[in-house]
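**Q** These protein sequence lines map, in sequence, to chains X and A. Mapping of the first sequence onto numbering that gives the first Met the number 0: position 275 corresponds to residue 274, and the numbering continues sequentially without gaps. Mapping of the second sequence onto numbering that gives the first Met the number 0: position 41 corresponds to residue 40, and the numbering continues sequentially without gaps. Here it is: the structure, laid out below.
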Amino acid sequence: MPAKPPGKGGWDAQSWLYLRSAVQIIAFLGFIILSLNASQVLMGLDPLAMLANLIASHRFELLSVIAFVPIALALIFGRAWCGWLCPLGTTLEWFPFTKWLKKQGKLPDWWRSVKYILLVAIIAAAVFSNLTLLVLGPLTIMVRTFAAAVWPALDFITGAVESALYNIQPLQESVGHFDSLVRPLLLPTDPLYYRDGLLFASVFAVIVLLNLAAERFWCRYICPLGAFYGLLSKISLVRRRVNQSCVRCKLCEDACPTGTIRRDRDCASDPGECVMCLKCMDACPCSTSDFGLVSSPTPFNSYDPGKRQLFLGIGAAALLAVLFRLNPLAARPKQRAIRPPGATENDMAAKCIRCGECIKACPTAAIQPSRVEEGAETYWTPVLVPRTGFCQYSCNACGQACPVAAIPPLPLAEKKVTPIGRAFIDRGRCLPWSENTPCIVCEEMCPVPQKAIILDTVEAETGNGSRITLQRPTVVPGRCIGCGLCEYKCPVGGEAAIRVQA
Amino acid sequence: MTEFSRRDFLRFSLVGLGALLAAKFINACAPPQVAPALAPATAPAPVIPPSEQTGTTAAKFPDLVVVRKGDPESLARKTLELLGGMKRFVKKGDNVIIKPNIGPAMRTYEYAATTNPWLVAAVVKLCLEAGAGKVRVMDKPFSGSAESGFVNSGIREQVEKAGGVIELMSHLKYVATDIPLGKDIKKWDIYEDIVKADVLINMPIAKQHSASRLTLGMKNLMGTINSAQMFHTNLHQRIADLASRVRPTLTIVDAIRILTANGPTGGNLKDVKQLDTVIAGTDIVAVDSYCTSLFGLRPEDVPYIVIAAAMGLGSSSLDSLVIKEASGAG
Numbered sequence: 000m001p002a003k004p005p006g007k008g009g010w011d012a013q014s015w016l017y018l019r020s021a022v023q024i025i026a027f028l029g030f031i032i033l034s035l036n037a038s039q040v041l042m043g044l045d046p047l048a049m050l051a052n053l054i055a056s057h058r059f060e061l062l063s064v065i066a067f068v069p070i071a072l073a074l075i076f077g078r079a080w081c082g083w084l085c086p087l088g089t090t091l092e093w094f095p096f097t098k099w100l101k102k103q104g105k106l107p108d109w110w111r112s113v114k115y116i117l118l119v120a121i122i123a124a125a126v127f128s129n130l131t132l133l134v135l136g137p138l139t140i141m142v143r144t145f146a147a148a149v150w151p152a153l154d155f156i157t158g159a160v161e162s163a164l165y166n167i168q169p170l171q172e173s174v175g176h177f178d179s180l181v182r183p184l185l186l187p188t189d190p191l192y193y194r195d196g197l198l199f200a201s202v203f204a205v206i207v208l209l210n211l212a213a214e215r216f217w218c219r220y221i222c223p224l225g226a227f228y229g230l231l232s233k234i235s236l237v238r239r240r241v242n243q244s245c246v247r248c249k250l251c252e253d254a255c256p257t258g259t260i261r262r263d264r265d266c267a268s269d270p271g272e273c274v275m276c277l278k279c280m281d282a283c284p285c286s287t288s289d290f291g292l293v294s295s296p297t298p299f300n301s302y303d304p305g306k307r308q309l310f311l312g313i314g315a316a317a318l319l320a321v322l323f324r325l326n327p328l329a330a331r332p333k334q335r336a337i338r339p340p341g342a343t344e345n346d347m348a349a350k351c352i353r354c355g356e357c358i359k360a361c362p363t364a365a366i367q368p369s370r371v372e373e374g375a376e377t378y379w380t381p382v383l384v385p386r387t388g389f390c391q392y393s394c395n396a397c398g399q400a401c402p403v404a405a406i407p408p409l410p411l412a413e414k415k416v417t418p419i420g421r422a423f424i425d426r427g428r429c430l431p432w433s434e435n436t437p438c439i440v441c442e443e444m445c446p447v448p449q450k451a452i453i454l455d456t457v458e459a460e461t462g463n464g465s466r467i468t469l470q471r472p473t474v475v476p477g478r479c480i481g482c483g484l485c486e487y488k489c490p491v492g493g494e495a496a497i498r499v500q501a
Numbered sequence: 000m001t002e003f004s005r006r007d008f009l010r011f012s013l014v015g016l017g018a019l020l021a022a023k024f025i026n027a028c029a030p031p032q033v034a035p036a037l038a039p040a041t042a043p044a045p046v047i048p049p050s051e052q053t054g055t056t057a058a059k060f061p062d063l064v065v066v067r068k069g070d071p072e073s074l075a076r077k078t079l080e081l082l083g084g085m086k087r088f089v090k091k092g093d094n095v096i097i098k099p100n101i102g103p104a105m106r107t108y109e110y111a112a113t114t115n116p117w118l119v120a121a122v123v124k125l126c127l128e129a130g131a132g133k134v135r136v137m138d139k140p141f142s143g144s145a146e147s148g149f150v151n152s153g154i155r156e157q158v159e160k161a162g163g164v165i166e167l168m169s170h171l172k173y174v175a176t177d178i179p180l181g182k183d184i185k186k187w188d189i190y191e192d193i194v195k196a197d198v199l200i201n202m203p204i205a206k207q208h209s210a211s212r213l214t215l216g217m218k219n220l221m222g223t224i225n226s227a228q229m230f231h232t233n234l235h236q237r238i239a240d241l242a243s244r245v246r247p248t249l250t251i252v253d254a255i256r257i258l259t260a261n262g263p264t265g266g267n268l269k270d271v272k273q274l275d276t277v278i279a280g281t282d283i284v285a286v287d288s289y290c291t292s293l294f295g296l297r298p299e300d301v302p303y304i305v306i307a308a309a310m311g312l313g314s315s316s317l318d319s320l321v322i323k324e325a326s327g328a329g
């Protein structure tokens, strides 16, 4: 699939560009299919996330072997991943904003070292068992944004159009057919809700809008995975070559989306920055640049990671790791968020790569991205929010989807008896306790074989003076597994009258 | 490649918007409909010729049929045979909906929390044999997705083998529906297809339930509505109100295995009692009344039965009913 070096007598540059576009489209579709099925494979393709996970958790995930494929790719073709396969890179290329783009070449070169500092910081923080910065991985950004913003938005739009059209009598049947086609194949049967979808979409939008400052701004200056591949590219086999007959016409410099071709440097480029997009080849009127085997060492650039970047990265990581742990929540772990079945707070800090596959996998949207108040160190790790969705009793999809076993892949039988929290009844809000109105929904719903909520039958007086018999719920602690179905279904408006805590 | 310019985009959007508005306009021009467009509520009873209804020709068909012993399919066949054959209810080309109970989406049939899949499949077959155009099976579970519920209960596998269609109830089709005979609720979101079906066959499983005491025919209808948890503040009256609007042609209670405790979700085989029995009839109140005896109760122990009888939805006095009992085996 990746670029073969175009030989002299081979394809012309235009054909290579077509091939690259085709590969990008196929790779993007592949990403969509994998993200739709919450497939582990996707994150296995992210060597940085897998490496950071390995360092932080001291555990080698078998899935990591997949990561050697893109690593090998980088050792041969440099940052071809960025220019050919990366779904974020492809998205950025699809929104070039060429019309509004200010003339290039104004941004200082040292900005390029930011991505290397970030890379060092991620690896160094992993040594301190902290993976917070992985929220900046390009694949995690894509998966998370699709899981919590893009798919829900698509679902919302589809649902709105469907209900509008469903009102039109003659269309009803076809709308019904369409609905059963796309649900549950592409969209959930019932609408699911995700908090912070707007935030994810905004972060994504900002990354795209940075293209206004420079083409592929993200890839040039920020992307830590790009930095990882950039380092490998320094020794890659296939690189861009400029031959002696080049007349320095500058056309390739204008065509280069990463701005690494510079006339003042003999139109040469840095393989650590080049994404192998081949646009320079197409732009060159005299066919003086091509891609082929290069064995000479890559010259050092001012922005390449040196001592300074290394210390900055390590220092920042150490500082962050310390500051995160000043969090008072650490002293009272039980007040923290409800985690997916079998996952601990430690797993969330040191194993979770923040990809959000579990968010997509959860069929009820019980799993939501965590917020700062649930622990800054574990920002955007999975938490269960029962008011949004409940943990389905016979489902262990999250553990199966997690690429790094931060949520352990529990067998279903084990998951069913693994407590994730415990329900508490708020007698000040509970209908039969607070106002003598009959209600037993929590008990009815409770899915454990021996109900964790029992009912006491009492006689009580209602507001109008009549006496009625009603049932009042009580939780039996040893039986409750904290699935949150009771909290989800509690008919009391706003905050539920029965709530699960970790 | 041609550029998709801003002008193209605006033109495209305008055309789209125009089409939507036109659609809305056409819709507004359509003859006004009494929302919702459903069968007149004044004639809620299932379409059975008066001559066949209870009381008029009491001798012709029994009010209730109770069949014991035998495998699910022979239980179903014997039941329908005693009721006068499926052709009495299903006409050629009819749109039939079967509503089993898969409320607890996570259980297999052994736990008696969901309707027996072979019994449902047998009824599907009988409907198809009687010439039904399409037989759909649907329910909306409360503790998980419908997809998982149909798989876990085994109902998807058996129904599809029998030639029926599983429908995942779409949120589009819940329509605010008037309940003219309702005492407490006058309007609720009910699944449109179920109200419109030519034949609705209600197939609950008999289960213990803390608030309603027993989940039987009328309680099973709660799977046809939205926001069922809002029912519970006045559960019995609301169940009866719903039963006044959603009128199954036939109610077939699965008592092959019944759940005697920890219902309606179950999960413990110790709570399951095997009876190998099917109870059926056209009068949902009568069927429910009879089923109380499976649990050692009487109809007056279950408030929604009492309320429904008082509302005139059916008969709860077992002594006055013609009950035919038989064995499904041999």
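Yeah, the Cβ is synthetic: ideal placement off N, Cα and C, and Gly gets one too. Keep in mind the model is a prediction, meaning the values are calculated, not measured.
1. Could you check the C-alpha separation between A/G92 and A/G130 for me, to the nearest Å?
2. By a C-beta neighbour count over all protein chains shown, 10 Å radius and 16 as the cutoff for buried, is A/D7 buried or exposed?
3. Could you pull out every unbroken alpha helix (DSSP H) segment of at least 4 residues lying fully inside the stretch 339-418 of chain X, listed in chain order?
4. With a CB to CB cut of under 7 Å and the five nearest residues on each side skipped, what residues in its chain are close to X/V126?
5. Just to confirm, is the Cβ distance from A/G153 to A/V134 under 7 Å?
6. Against chain A, which members of the stretch 416-446 of chain X pass a CB distance test of less than 9 Å?
7. What residues of chain X sit near A/L167, judged by a beta carbon separation below 8 Å?
8. What in chain A is Cβ-close to X/I32, meaning under 8 Å?
9. Could you name the residues of chain X that A/S147 contacts, counting a contact when the two beta carbons are closer than 9 Å?
10. For the putative contact between X/D195 and X/P368, defined by C-beta atoms under 8 Å, what is the C-beta separation to the nearest angstrom?
11. Please classify X/D154: is it buried, with 16 or more other beta-carbons within 10 angstroms of its beta-carbon, or exposed?
12. Could you tell me which chain A residues have their CB closer than 8 Å to the CB of X/Q243, listed as they occur along the chain?
13. For X/E161 and X/R219, which I take to be in contact (beta-carbon distance under 8 Å), what is that distance rounded to the nearest angstrom?
14. Can you give me the Cβ contacts of A/G265 inside the same chain, cut-off strictly under 8 Å, excluding the 5 residues immediately before and after it?
15. Going by the DSSP bridge assignment, what does A/I97 pair with across the sheet?
16. For X/C245, collect the residues of the same chain with a Cβ closer than 6 Å to its Cβ; drop the 5 residues on either side in sequence, then sort them by chain order.
17. Thinking C-alpha only, which one of A/K59, A/A254 and A/A210 is nearest A/R87?
18. Going by the beta-carbon positions, is the gap between A/D338 and A/I184 smaller than 7 Å?
19. Which residues of the stretch 462-491 of chain X have a Cβ closer than 7 Å to any Cβ of chain A? Give them in chain order.
20. In chain order, what residues of the same chain have a beta carbon less than 7 Å from the beta carbon of X/L18, not counting five sequence neighbours either side?
21. With DSSP collapsed to three states, give me the class of X/L41.
22. Using the beta-carbon of each residue, which ones in chain A are nearer than 8 Å to X/V572?
23. Since A/G267 meets chain X, which of its residues come closer than 7 Å, beta carbon to beta carbon?
24. Exposed or buried, what is X/N345 when buried is set at 16 or more other beta-carbons lying within 10 Å of its beta-carbon?
25. Check each candidate in X/I337, X/G374, X/Y378 and X/G341 and name the one with the smallest Cα separation from X/G355.
26. Name the residue from A/L312, A/L293, A/V136 and A/D253 whose alpha carbon lies nearest to the alpha carbon of A/P203.
27. Quick one: using the 10 Å Cβ neighbour count with 16 as the cut-off for buried, is X/C536 buried or exposed?
28. Less than 7 Å between CB atoms is the rule here; does X/E413 satisfy it with respect to chain A?
29. When DSSP builds the beta bridges, which residues end up paired with A/I189?
30. So A/L234 contacts chain X; which residues on that side make the cut at Cβ distance below 9 Å?
31. Quick one, are the C-beta atoms of X/A501 and X/I337 less than 7 Å apart?
32. Go to X/S301, then tell me how far its beta strand (DSSP E) extends in each direction, as first and last residue.
33. Quick one: which chain A residues come within Cβ less than 9 Å of X/S162?
34. Rounded to a whole number of angstroms, what is the C-alpha to C-alpha distance between X/A146 and A/L19?
35. The beta strand (DSSP E) with A/I257 in it runs from where to where?
36. Once the 5 residues before and after X/L250 are set aside, which same chain residues still bring their CB inside 7 Å of it?
**A** In this structure, then:
1. So the two alpha carbons sit approximately 6 Å from each other.
2. exposed
3. 344-349, 356-360, 396-400 and 411-415
4. I54
5. no
6. L430, T436, P437, C438, I439, V440, E442, E443, M444, C445 and P446
7. Per Cβ cutoff of 8 Å: S179, R182, P183 and T188.
8. Under the 8 Å cutoff, chain A gives no residues; its nearest Cβ is about 19 Å from X/I32.
9. Within chain X, the C-beta atoms nearer than 9 Å to that of A/S147 come from P362, Q391, S393 and C394, in chain order.
10. 6 Å
11. buried
12. Within 8 Å Cβ-Cβ: nothing; X/Q243 doesn't reach chain A, min ~35 Å.
13. About 42 Å; that fails the 8 Å criterion.
14. P103, R106, Y110, A111, A112, K206, L258 and V271
15. A/I97 is bridged to A/V136 and A/I200.
16. C266 and T287
17. Each of A/K59, A/A254 and A/A210 was checked against the Cα of A/R87, and the nearest Cα belongs to A/K59.
18. The first residue shown for chain A is 0 and the last is 329, placing residue 338 of chain A beyond what the model contains.
19. Q470, L484, K488 and P490
20. none
21. Of the three classes helix, strand and coil, the one that applies to X/L41 here is helix, per DSSP.
22. The shown model of chain X, from 0 to 501, leaves out residue 572 of chain X, and the question about it has no answer.
23. For the sequence presented, residue 267 of chain A should be read as Asn rather than Gly. Within chain X, the residues near A/N267 are P448 and Q449.
24. exposed
25. For X/G355, the closest C-alpha among the options X/I337, X/G374, X/Y378 and X/G341 is that of X/Y378.
26. A/D253
27. Since the displayed chain X opens at 0 and closes at 501, residue 536 of chain X lies outside it and no answer follows.
28. No, X/E413 does not count as interfacial toward chain A.
29. In DSSP, A/I189 forms a bridge with A/V174 and A/I224.
30. P437, C438 and I439
31. yes
32. That residue, X/S301, is in no beta strand (DSSP E); it is neither H nor E in DSSP.
33. Annotation: Cβ neighbours of X/S162 in chain A (cutoff 9 Å, chain order): H170 and L171.
34. Take the alpha-carbon of X/A146 and the one of A/L19: they are about 29 Å apart.
35. Unbroken beta strand (DSSP E) run through A/I257: L249 to L258.
36. A282, C283 and P284
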